[in-house]
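To keep things clear, I will list the structure first and then write my remarks on it.
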Amino acid sequence: MAKVPAAYQAARGSILDVDRDFYARLTNPAGRERVEALTVPIRDGRAWKVPAGHVLRLSTLEGPQVGDFNLWSLHNPRERFWASRTRQLQRAHVSTFDRLWSTLPYLRPMATIIDDTLAGYGVDGSGVDAEGGRIHDLLGTRCDPYVNRLLTGEDFDHHCHSNLVRAVAPFGLTEFDVHDVLNVFQCTGLNDDDQYFMKACPAKEGDYLELFAEIDLLCALSCCPGGDLSVDLWGPNARDPLETCHPIGVEVFCLDASLLQGWQPPEPSPYAGGHGQRGPAIDWAAEKRELAAQHTRR
């Protein structure tokens, strides 16, 4: 990959400058109590709540399986996970100490990844991927029946989009609330033609991803009907990958209050500029001249 500096870089002390010592402490099993557990069945979806200050663990229970993950602010579903901005602020495949960011006008961390048993895959010597694949993908989005109809001419009601639609319906949300996802446990990348590819999931039974809820969350997860993605879903070699499908486990943990000392849920973005819709017009030419003068004085 090109050794070019990232466009979005954290200033010291900003909300992007994560306190790694704090989040690392939250992984201590002695400081937590499990308060909820459920299983997302194969080719189905489930939704659940995670209070701020709690830890969420997603686990591969019986073998490799990818899942499509959505998040909303529990009290205001207009604030929801923003995959593309998270990709810019963090990276295209997220792992430990990366944050999942919400949409405008809120733009705050909804959750922070604190543990990932697949953190080294495709990065260090313990799991180099020959094709450059990485785990926990923000490059693509959920499979859906509309694309499937385009590619195959057939209808199928258990794509991840549909699974998420059914999962959130009891919470008063609809298809319009389902949004671009974090593909947990999914191995993806870009090929030499800059096209999106998916590979077989390298997760094994018992692998997990843990997230710390920064705000009160409504979460939903679909167990992808493609299972571990070792079987082509479209194209000349496509077939039903049912035998590769496994459930995903969900656990929610309450943390000891001592671990959370000094932590506060992040506030929405304080921007109050009004997008230039009030007040005098800005003289951009004058601004440009002033910036040039400042550069000359340096």
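For the sequence shown, the positions run 1 to 298 when UniProt numbering is used.
Beta carbons are placed, not taken as given, at the ideal position from N, Cα and C, and that holds for glycine.
{"Asked": "To the nearest angstrom, how far is it from the Cα of residue 295 to the Cα of residue 98?", "Found": "35 Å"}
{"Asked": "Rounded to whole angstroms, what is the Cα-Cα separation between residue 297 and residue 86?", "Found": "37 Å"}
{"Asked": "Excluding the 5 residues preceding and the 5 following residue 62 in the sequence, name in chain order all residues of the same chain whose CB lies nearer than 8 Å to its CB.", "Found": "205, 246 and 247"}
{"Asked": "Looking at the secondary structure, which residues open and close the alpha helix (DSSP H) in which residue 88 lies?", "Found": "83-89"}
{"Asked": "Rounded to whole angstroms, what's the CA-CA distance from residue 271 to residue 80? Just pull it up for me.", "Found": "18 Å"}
{"Asked": "Please state whether the Cβ-Cβ distance between residue 109 and residue 228 is less than 8 Å.", "Found": "no"}
{"Asked": "Looking at the unbroken alpha helix (DSSP H) that takes in residue 291, where does it start and where does it end?", "Found": "284-297"}
{"Asked": "In three-state terms, what does DSSP make of residue 9?", "Found": "coil"}
{"Asked": "Let me confirm a value: residue 262 is counted as buried when at least 16 other C-beta atoms fall within 10 Å, else exposed. Which label applies?", "Found": "exposed"}
{"Asked": "State the DSSP-derived secondary structure class of residue 150, mapped to helix, strand or coil.", "Found": "helix"}
{"Asked": "Measuring alpha carbon to alpha carbon, tell me which of 142, 188, 212 and 187 ends up nearest residue 180.", "Found": "142"}
{"Asked": "Taking DSSP as the reference, what is the three-state secondary structure of residue 62?", "Found": "coil"}
{"Asked": "Entirely within the segment 177-225 and at least 3 residues each: give me those beta strand (DSSP E) ranges in chain order.", "Found": "182-190, 196-199, 208-213 and 217-223"}
{"Asked": "By DSSP's criteria, residue 101 is part of a beta bridge. Which residues make up the other side?", "Found": "109"}
{"Asked": "Is the beta carbon of residue 269 less than 8 Å from the beta carbon of residue 105?", "Found": "yes"}
{"Asked": "Is the beta carbon of residue 67 less than 8 Å from the beta carbon of residue 255?", "Found": "no"}
{"Asked": "Under 8 Å: do the segment 205-220 and the segment 36-56 share three or more Cβ pairs, one atom per stretch?", "Found": "yes"}
{"Asked": "What is the rounded straight-line gap between the Cα of residue 202 and the Cα of residue 185?", "Found": "8 Å"}
{"Asked": "Indicate the three-state DSSP secondary structure (helix, strand or coil) for residue 67 in the structure shown.", "Found": "strand"}
{"Asked": "At which residues does the beta strand (DSSP E) containing residue 171 begin and terminate?", "Found": "Note, residue 171: premise wrong, no beta strand (DSSP E); not H, not E."}
{"Asked": "Which value, in whole angstroms, describes the spacing of the CA atoms of residue 169 and residue 175?", "Found": "8 Å"}
{"Asked": "Quick one: what's got a C-beta closer than 8 Å to residue 112's C-beta in the same chain, skipping five residues either side?", "Found": "18, 23, 97, 98, 99, 100, 211, 212 and 214"}
{"Asked": "So is residue 146 buried or exposed if we call it buried at 16+ other beta carbons inside 10 Å?", "Found": "exposed"}
{"Asked": "Could you give the C-beta distance for residue 233 and residue 45, rounded to a whole number, given that I count them as a contact under 8 Å?", "Found": "Not quite, the Cβ-Cβ distance comes to about 18 Å (not below 8 Å), so this is no contact."}
{"Asked": "Could you check what DSSP says for residue 114 in three-state terms: helix, strand or coil?", "Found": "strand"}
{"Asked": "Does the beta-carbon distance from residue 187 to residue 149 come in below 8 Å?", "Found": "no"}
{"Asked": "According to the Cβ coordinates, are residue 71 and residue 219 closer than 8 Å?", "Found": "yes"}
{"Asked": "According to DSSP, simplified to helix, strand and coil, what is residue 47?", "Found": "strand"}
{"Asked": "Thinking just about the alpha-carbon of each residue, which of 69, 5 and 107 is nearest to the one in residue 15?", "Found": "107"}
{"Asked": "Secondary structure at residue 125, three-state DSSP: helix, strand or coil?", "Found": "Any reading at residue 125 needs caution, since the residue's pLDDT is 48, under 50, leaving its predicted position unreliable; the model's value is listed next. Here residue 125 sits in coil by DSSP."}
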